[in-house]
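Take the sequence shown: its letters are residues 262 to 566, numbered as in my numbering.
We put the CB at the ideal spot given by N, CA and C, even for glycine.
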Amino acid sequence: MKFSVETWAPEYGIGLDLERLEESTDTVDVEVEVEAADWTPVTPPSPQLPEFVVFVDGVRRIDVRIWISDGELVRAGVCASVAAGAVRCTRSEAHVVDVAVMRGVYAPPSDGAGPIVTSHGTYEFVPCASDAPDDIYNGIHEQMTRLETQFGNDEDADLVVFDGPLRGRMNPNGVGFVKTQHVQYLPEPQQAVLQKLEAGQRTPMFLIGGAGFTRWSWYLRLPGPKSNPHAGIVRCELVGSGAASEAISRADDVTATLQRYASEPHKDTRAPQNLYPIAGLENRLRHRLGDQQILERAMRIAAST
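Next comes the structure, spelled out in structure tokens:
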């Protein structure tokens, strides 16, 4: 039996699962840079590496699930903490510049819903469409995205890397860095090019359109053991405005820049996609979330008073 081993630790799943990829409902134009029949790996030609790069990320955690009394009705809610921050990198150093934490009560609007004050901080009320798990999760995720956006407006940065899709963020110097693939945007002939990529190479540019937000996008391979055909594959995206030639040049610069931040398997269980600045920032953010058991205990005390 011929097989290959996934580079990520088992608890993180895999970066690209071809069997479970959902087909995109957005329109996709694969002939932005070359004709569809001419898709082959692209090696960036002498890119211009940025001097100043900012990495932005956020984390979230459910602290406790609650029941909110609303007259004779009882509604489900979730108390969650989210944190976001940024790492500024030059060619010689990197440091966390700022971190923000927000704690919230996520539930549908009702007369009984409101903020909860505990001995370890206040959980502000965040209205959600319903108490369905998807609506609650989306509410938490949107709050995290808002926090992340605060750190993406660094005018001094040559490049701002958001961990994840852009999600409507219009930063002219921003790039979305998607390390786990859940959607297949490309037709099968172009999708097959991903397996042919070597470290430092990218696919041709394509344009994703839909929901009023278009993005220039491409896939690239980061350096590291090629233990399976899709090891080290990530997708990047830029705001879909301006000339295609400018986006293509930007893609070359981003592809070359990200190579030097790729993590190594002996240091990170999600290598190489979990870039070193993002991994370090995640650790700082999770620490700033606080101790979940202490927060839960404070919530139980607040509920009993």
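(Q) Would A344 and V320 qualify as a contact pair, given that the criterion is a beta-carbon distance under 8 Å? (A) Yes; because the gap between Cβ atoms is below 8 Å, this pair is in contact.
Q: Could you pull out every residue in the same chain whose Cβ sits closer than 7 Å to the Cβ of R545, ignoring the five residues on either side in sequence?
A: G346, V357 and V360
Q) W300: which of S353, H548, M466 and E385 sits nearest, CA to CA? A) M466
Q) Should A453 go down as buried or exposed, given a rule of 16 or more other Cβ atoms within 10 Å for buried? A) exposed
(Q) Quick test of your reading: E525 and P538, contact by CB under 8 Å. State the CB separation rounded to the nearest angstrom. (A) Actually they are not in contact, since the Cβ atoms of E525 and P538 sit about 14 Å apart, beyond 8 Å.
Q. Can you give the Cα-Cα distance for L556 and Y367, rounded to whole angstroms?
A. 16 Å
Q.
Whole angstroms are fine: how far does the CA of S506 sit from the CA of D552?
A. 49 Å
Q | Nearest-angstrom Cβ-Cβ length linking P308 and A517, presumed shorter than 8 Å | A | 4 Å
Q: Name the two residues that bound the continuous beta strand (DSSP E) containing G470.
A: F467 to G470
Q: Spatial neighbours of V335 within its chain, please: CB distance less than 6 Å, with the 5 preceding and 5 following residues excluded, ordered by chain position.
A: Taken in chain order, the residues that qualify are W328.
**Q.** N-terminal and C-terminal residue of the alpha helix (DSSP H) that E498 is part of
**A.** Here E498 belongs to no alpha helix (DSSP H); instead the beta strand (DSSP E) covers I494 to V500.
Q) Exposed or buried, what is E449 when buried is set at 16 or more other beta-carbons lying within 10 Å of its beta-carbon? A) exposed
Q: Following the continuous beta strand (DSSP E) through D331, name the residue where it begins and the one where it ends.
A: Where D331 is concerned, the enclosing beta strand (DSSP E) stretches over V314 to D331.
(Q) Cutting at 6 Å between CB atoms, please list the residues of its own chain near A390, excluding the five before and the five after it. (A) Same-chain partners within the cutoff: D396.
Q: Taking the CB atoms as reference points, tell me whether G375 and F386 lie closer together than 8 Å.
A: Yes, Cβ-Cβ distance for G375 and F386 is below 8 Å.
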